[in-house]
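For reference, the structure is listed below as structure tokens.
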Amino acid sequence: MAGHQWILPALNRPRLTITLLVLTTLALAAMLPRVTVDTNPENMLAADEPVRLFHDRVKEEFTLHDMVVLGIVNEEHPDGVFNPETLSRVLEISRFAQDLSDPDNPDHQVVSRYVIAPDVVDSIEQAGPGQIRFEWLMRTAPTTREEALAVRDRALDNPMLNGTMVSGDGQALALYLPLSTKDYAHQVRRALLEKIEDFGPVPEEFHITGLPVAEETFGVEMFVQMAISAPLAMLAIFLLMLFFFRQLRMIIAPMIVAMLTVISTMGLLIGTGQTVHIMSSMIPIFLMPIAVVDSIHILSDFFDHYQQRRNRIQTLKEVMDKLFTPMFYTSITSAAGFASLALTPIPPVRVFGIFVAIGIILAWLITILLIPAYIMLMKEEQLENFGQEPTPEGGGDGGGRKPLLGRHLFWLGDFTYRHAKLIAGGSALALVVAGLGISQIQVNDNPMKWFTEKHPIREADRVLNRHFAGTYEAYLVLESTEAEPEPADLATELWESLWDDYAHPDRVPCDINLDPPEWWTLEARYEAENLAKEVADPDEFFRRLEDKWEERLFAAEDDASYDFWIDALDRLGEMQGRDEIFRQPEVLDWLIELEEHLVGADTVGKTNSVTTLVRKVYQELLGGAPEDYRLPASSAGVSQTLMAFQNSHRPDDLWHLLTPDYRKANVWVQLKDGDNMVMERTLADLEEFLAANPPPRELRHDWAGSTYINVVWQEKMVYGMLMAFMGSFIVVFLMMTLLFRSPLWGLLAMIPMTVTVAFIYGLIGIVGKDYDMPVAVLSSLTLGLAVDFSIHFLQRSRQAYQRAGSWAAARREVFAEPARAISRNAIVVAVGFLPLLAAPLMPYKTVGFFLAAIMAVSGLATMYMLPAAIRLLEPRLFRNFR
Amino acid sequence: MNKPMMAVAALFFFWALPGSAAAMTVDEIVDRANLASYYAGDDGRSEVRMTITDAQGRERQRQFVILRHNLEEGGRQMYYVYFQRPADVRRMVFMVHKYLEQDDDRWLYLPDLDLVRRIAAADKRSSFAGSHFLYEDVSGRTPADDNHELVEETDEHYVLEATPLDVDLVEFSRYLIWIDKEHFLPVKAEYFDRNDDQYRVVEALEIEDVDGFPTVIQSRVRDLEGGGETVMSFSNVSYNIGLDESLFTERYLRRPPREVRR
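Line order of the protein sequences matches chains A and B.
When we follow my numbering, the leftmost residue of the first sequence carries the number 1, and every step to the right adds one.
When we follow my numbering, the leftmost residue of the second sequence carries the number 1001, and every step to the right adds one.
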């Protein structure tokens, strides 16, 4: 195949080629400033994903907001935070926080009316015999110890606040700051930190946490990391290449390739209107090694042959003839591997896959055009002492490690030849161990853990979840699914129940002489049945019948008649309320059991629901005795208790827990840990409870809340990644088969990456590292990088075999230049990404570590297993070669 | 149209004669407004339909009867609020004995629990039955709790600015109130928060003459910050119906007086 034809433009018009490449890149770079960063993990799901739509509806229906949690902890003072000095600062920062808004963006503000803080929550308490009081818990800062402790006791006495706003030990207070939009969280955190700074040295500690803070802060720091990590990795690669090739001028070329590739790809990504998500922020880091790899192959080969030819055009043409096919195939297979991510159901992963694939193709194109053009532009004399060290047989006269690498490779060629069976056996054993490891993998993620242990956000998370019932929220939404009743049935039921109670046992409705109550019953029947013929909607039926009967009530001649119509209206009201299942004591009783079950498992710190509120208010209405903390006996009792509550300062707090039609309830579940595993266990706990305790009325349950959303996309991701990996595995296999025109060779080409994937995931399972988002993406990266090595190794082996006629002879050639290029690549990229380990954000550390591991393992797998396999399968593999 | 116009004309005539309105002191304006809004007649009865609309547009209805009895002009008063709707709170009663110099006495009767509870009411700026109206909007804010200043006088209105004497007791930093020069009913009040952002508006949407008293027939509170509003519509308003003081006692909480029924 005449691969060199592709590079003729670069050979003939090197200047123009480079100019065009640079100009195109600059044009795309012009898009970069338009970048918008998106760190909302919710966007891991498509905007129209049912669970997100539901989550948004729940947030709207129950007026829920994403919250920043500000904790104030005083573990030194005997009264904890409940001393006048600390409380005055609590009050100050609370007011400060409530007023926070972004003057530049009216959508960015703290939703002050739903803030949970000591100065803006109500306390319900006894105010002397037979008297209750609704009062702001702490409108002004207490001035004495007694007043401060009274605030504490009142707060602790309210189960809605205990464990949520005030810690059971009295050492800590938590303020919940709802945000109009989640992306305001980072600014809120910064403003609060400044305010805290102003306090100077104070005995209490301030901590800021909450998922939105973690997510948004991550976004900001991610941006910084993009600006630090990628160049740092580039620098490391640069230094290593300098070490290997000792030719500054020469290694600048791959650096330029990498930069042009990264800038063009990101420009294209941003220019096409994509947001930079956590995933896509890693594109530069993924592209860099891949972009450098092809250049190294070309340069390595050019390096080795230039001195023989002394003619760069001729050398380049030969190099390209030899390398074009493997480079083309490695690029399109890697690209196909990443493009397979487009099959996942997760939009940011799709974008990531597609743009890495585009980047790989761009890298390939830039490499085959720019590297030759670059070499053409160098002066002849600069090429004079070029590539003197290595010779095809691995010796070489350059100093340092290179002879060592050469010697080692030479030894390796022999070793793999002699001990092929040992290697095969060892590989099989390694696969078994990896298999065991893989079975241990635990799928888990937690945006909080994207920060390192020492990060203040992690610290806040630890401290606050030690004191409180949990700063992670999930919402369990229960909704009545009962069908609407028919007005005709309602009418019949109503009058028959009245007749049963008001008529003489032997009387029938058509009797002529009726007592007044019987007569009233028939009046009620007449109105109900006539109305039922007119209206089909039960709500309208109730409303209009109520009007009619109320007229009767107001027209009542005497007390007996009045009492009758009151009773009839009560029955009507009760019937009307039957649909409103969340004021039925039986349903609330069941809900209490459900909540107790959830809290009984250690994942849930606390639940807040209408049951808590009703019991607390009812208790205070009854006199405040501890044993009165219970539900009223009837649904009207529940309604009246709630009506009493609504005479407080914050009546609308009720609608966080209920919809006004009483048909939906929201249980705010406080989790102490944002791990997806914890949320999953809670989901399982609920199912377990429901299986054993079916609800007394027909209802459905659904979950919402950030912590839950994270679980949903994680599930999709794990499954999606697996499917994408298997899909691309097959595609790559087919392409390999096509390339080598043999399924057996195709299979052989799959060995290194199969082993690498097994090793990586086995390792993750064995060391107990959570399978999270970055880890999930590594499988496709492995595919992309490992296949590169096998293609080069196998392609060159075949070419060598054709010349040498036996593997025993061919291996010497293979373990010279081709093996050196592969080893250099593996080492350059592996070491090049170690700087990522210094990043303060965990996903970058993870990627850095595993990228290095992937390169090392796939390099080793290629160099050990492929020759061993070739040795063992030689007769079959080369059947058609002779 | 005619009847209210006549009434307005009559009122204007009546009030305009004694002296120029412009010459009134701020205190006089405030007192007039207070009397016009909360002390019309010796007593009164009204049926009220309250529609609470939240930010999402969900509506809730409340229907109740208010009885009011004045013990002294501009001073002590009694309120009896009997709930008719929704059905599950029917027969609930709020009763208020309002004082100027001391905290009001408030009672709550919960019929299903057959429970009478006193409610301590140091703070009257809590919600009235879950609506956007506050207790103080219903029973009146004591004029002496604020400093008043006349900030503008138009052809139709006095515009007063009120600032609270004790800022810790209230959630607003000031409010502006538009008082109609003809009948002295406040037609609009705008409330401002700590940051001087307007967050709440109370308006009289419809005013009619009833038995010679200019009467707010429809009023509305809008929540500018959170969205949502409450509209109160008054019907079957009557004055001077001879309500007895004894109706406003605990005894009548359990069994509402006939006057509630009509």
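Glycine included, C-beta positions come from ideal geometry on N, C-alpha and C.
All figures in this text were calculated on a predicted structure; none of them were measured in a lab.
Beta-carbon separation of residue i and residue j under 8 Å?
{"i": "leucine 240/A", "j": "valine 831/A", "result": "yes"}
{"i": "leucine 175/A", "j": "leucine 87/A", "result": "no"}
{"i": "serine 797/A", "j": "isoleucine 751/A", "result": "no"}
{"i": "glutamate 482/A", "j": "arginine 139/A", "result": "no"}
{"i": "methionine 255/A", "j": "proline 284/A", "result": "no"}
{"i": "glutamine 584/A", "j": "serine 639/A", "result": "no"}
{"i": "valine 443/A", "j": "glutamine 109/A", "result": "no"}
{"i": "glycine 80/A", "j": "aspartate 169/A", "result": "yes"}
{"i": "tryptophan 450/A", "j": "methionine 842/A", "result": "yes"}
{"i": "tyrosine 114/A", "j": "threonine 181/A", "result": "no"}
{"i": "histidine 77/A", "j": "proline 203/A", "result": "yes"}
{"i": "glutamine 795/A", "j": "threonine 416/A", "result": "no"}
{"i": "leucine 657/A", "j": "serine 609/A", "result": "yes"}
Determine the burial state of residue i: buried for a count of at least 16 other Cβ atoms within 10 Å of its Cβ, exposed for fewer.
{"i": "threonine 611/A", "result": "buried"}
{"i": "arginine 1258/B", "result": "exposed"}
{"i": "tyrosine 526/A", "result": "exposed"}
{"i": "histidine 455/A", "result": "buried"}
{"i": "phenylalanine 199/A", "result": "exposed"}
{"i": "glycine 394/A", "result": "Caution applies to glycine 394/A, whose pLDDT of 38 falls short of 50 and renders its modelled position unreliable; the model cannot decide the point."}
{"i": "serine 1235/B", "result": "exposed"}
{"i": "glutamate 540/A", "result": "exposed"}
{"i": "glutamine 1063/B", "result": "buried"}
{"i": "valine 1081/B", "result": "buried"}
{"i": "proline 390/A", "result": "Legend: pLDDT at proline 390/A = 44, less than 50; position of this residue unreliable, value from coordinates given subsequently. Counting Cβ neighbours within 10 Å, proline 390/A comes out buried, since at least 16 surround it."}
{"i": "arginine 879/A", "result": "exposed"}
{"i": "isoleucine 346/A", "result": "buried"}
I think residue i touches residue j, with their Cβ atoms under 8 Å apart; what is that distance to the nearest whole Å?
{"i": "tyrosine 475/A", "j": "aspartate 673/A", "result": "Incorrect: roughly 17 Å between the Cβ atoms, too far for contact."}
{"i": "glycine 177/A", "j": "valine 68/A", "result": "For the record, residue 177/A in the displayed sequence is leucine; it is not glycine. Yes, they are in contact, since the Cβ atoms of leucine 177/A and valine 68/A sit about 4 Å apart, within 8 Å."}
{"i": "aspartate 301/A", "j": "alanine 821/A", "result": "7 Å"}
{"i": "phenylalanine 134/A", "j": "aspartate 122/A", "result": "5 Å"}
{"i": "glutamine 1198/B", "j": "glutamate 1190/B", "result": "5 Å"}
{"i": "serine 1127/B", "j": "asparagine 647/A", "result": "6 Å"}
Would you say the beta carbon of residue i comes nearer than 7 Å to a heavy atom of the ligand GDP?
{"i": "serine 639/A", "result": "The ligand GDP is not part of the structure shown, which contains no ligands of any sort."}
Below 7 Å on C-beta distance, what does residue i contact in chain D?
{"i": "leucine 1108/B", "result": "Given the protein chain composition of this structure (A and B), no chain D is represented."}
ask   = Does the region 755-773 of chain A come within contact of the region 844-855 of chain A, defined as at least 3 CB pairs closer than 8 Å?
value = Touching, yes.
task = Check whether the region 271-288 of chain A touches the region 27-39 of chain A, taking contact to mean three or more Cβ pairs, one atom from each stretch, closer than 8 Å.
result = With a cut-off of 8 Å, the region 27-39 of chain A and the region 271-288 of chain A count as touching, because enough Cβ pairs lie within range.
task = Could you please tell me which residues of the region 524-554 of chain A, in chain order, have their CB closer than 8 Å to any CB of chain B?
result = Those residues of the region 524-554 of chain A that come within reach of chain B (Cβ to Cβ, closer than 8 Å) are Phe542, Glu546, Glu550, Leu553 and Phe554.
query = Between the region 652-672 of chain A and the region 144-152 of chain A, are three or more C-beta pairs nearer than 8 Å?
reply = With a cut-off of 8 Å on Cβ pairs, the region 652-672 of chain A is not in contact with the region 144-152 of chain A, counting fewer than three such pairs.
inquiry  = Pairs of beta-carbons, one from the region 576-596 of chain A and one from the region 1030-1050 of chain B, closer than 8 Å: are there three or more?
reply    = By the criterion of at least three beta-carbon pairs nearer than 8 Å, the region 576-596 of chain A is not in contact with the region 1030-1050 of chain B.
message = Tell me which residues of the region 1085-1097 of chain B have at least one Cβ-Cβ distance to chain A shorter than 9 Å, keeping chain order.
response = Result list: Arg1085, Pro1086, Ala1087, Asp1088, Val1089, Arg1090, Arg1091, Met1092 and Phe1094.
key: Contact list for the region 1222-1256 of chain B against chain A, Cβ threshold 8 Å   = From the region 1222-1256 of chain B, only Glu1225 and Gly1226 have a Cβ closer than 8 Å to chain A.
inquiry  = To be precise: take each residue of the region 125-138 of chain A, compare its Cβ to all Cβ atoms of chain B, and keep it if any distance is under 8 Å. Which residues remain?
reply    = If the cut-off is 8 Å between Cβ atoms, the region 125-138 of chain A has Ala127, Gly128, Gly130, Gln131, Ile132, Arg133, Phe134, Glu135 and Trp136 near chain B.
query = Are the region 333-345 of chain A and the region 777-791 of chain A in contact at 8 Å, needing three or more beta carbon pairs?
reply = Touching, yes.
Contact residues within the region 84-101 of chain A, judged by C-beta distance below 8 Å to chain B = Listed by position, the residues of the region 84-101 of chain A near chain B (Cβ gap below 8 Å) are Arg95 and Asp99.
request  = Pair every Cβ in the region 765-780 of chain A with every Cβ in the region 310-323 of chain A, then say whether three or more of these pairs are closer than 8 Å.
outcome  = The answer is no - the region 310-323 of chain A does not touch the region 765-780 of chain A, with fewer than three Cβ pairs under 8 Å.
message = Which residues of the region 625-658 of chain A have a Cβ closer than 9 Å to any Cβ of chain B? Give them in chain order.
response = Listed by position, the residues of the region 625-658 of chain A near chain B (Cβ gap below 9 Å) are Pro632, Ala633, Ser634, Ser635, Ala636, Gly637, Val638, Ser639, Gln640, Thr641, Leu642, Met643, Ala644, Phe645, Gln646, Asn647, Ser648, His649, Arg650, Pro651, Asp652, Leu654 and Trp655.
request  = Name, going along the chain, the residues of the region 44-78 of chain A whose beta-carbon falls closer than 9 Å to a beta-carbon of chain B.
outcome  = Residues passing the 9 Å Cβ filter: Glu60, Glu61 and Thr63.
contact_flag[the region 51-60 of chain A, the region 717-736 of chain A] where n(CB pairs < 8 Å) is 3 or more = Output reads no: the region 717-736 of chain A does not touch the region 51-60 of chain A.
Contact the region 1125-1137 of chain B vs the region 1148-1157 of chain B: 3+ CB pairs below 8 Å = Contact fails: fewer than three Cβ-Cβ distances are below 8 Å.
request  = Determine contact between the region 1095-1104 of chain B and the region 619-630 of chain A, defined as no fewer than three beta-carbon pairs at a distance below 8 Å.
outcome  = The region 1095-1104 of chain B makes no contact with the region 619-630 of chain A; the number of CB pairs closer than 8 Å stays below 3.
ask   = Are the region 721-740 of chain A and the region 678-685 of chain A touching, with three or more C-beta to C-beta distances below 8 Å?
value = No: the two stretches stay apart, fewer than three of their Cβ pairs being nearer than 8 Å.
task = Quick one: which residues of the region 178-195 of chain A get their C-beta closer than 8 Å to a C-beta of chain B? List them in chain order.
result = Residues passing the 8 Å Cβ filter: none.
query = Does the count of Cβ pairs from the region 282-298 of chain A and the region 824-838 of chain A closer than 8 Å reach three?
reply = Yes, since at least three Cβ pairs between the region 282-298 of chain A and the region 824-838 of chain A fall closer than 8 Å, the two stretches touch.
query = What residues from the region 1114-1125 of chain B come within 9 Å of chain A, judged by C-beta to C-beta, listed N to C?
reply = Within the region 1114-1125 of chain B, the residues whose Cβ lies closer than 9 Å to some Cβ of chain A are Leu1115, Val1116, Arg1117, Arg1118, Ile1119, Ala1120, Ala1121, Ala1122, Asp1123 and Arg1125, listed in chain order.
Chain B contacts from the region 558-571 of chain A (Cβ-Cβ distance under 8 Å) = Residues Tyr562, Ile566, Leu569 and Asp570.
Cβ contact check for the region 691-706 of chain A and the region 85-102 of chain A: 3 or more pairs under 8 Å = Under the 8 Å Cβ criterion, the region 691-706 of chain A does not count as touching the region 85-102 of chain A, having fewer than three qualifying pairs.
inquiry  = With a threshold of 8 Å, are at least 3 pairs of Cβ atoms found where one atom belongs to the region 215-222 of chain A and the other to the region 100-107 of chain A?
reply    = The region 215-222 of chain A and the region 100-107 of chain A do not touch, with fewer than 3 CB-CB distances between them shorter than 8 Å.
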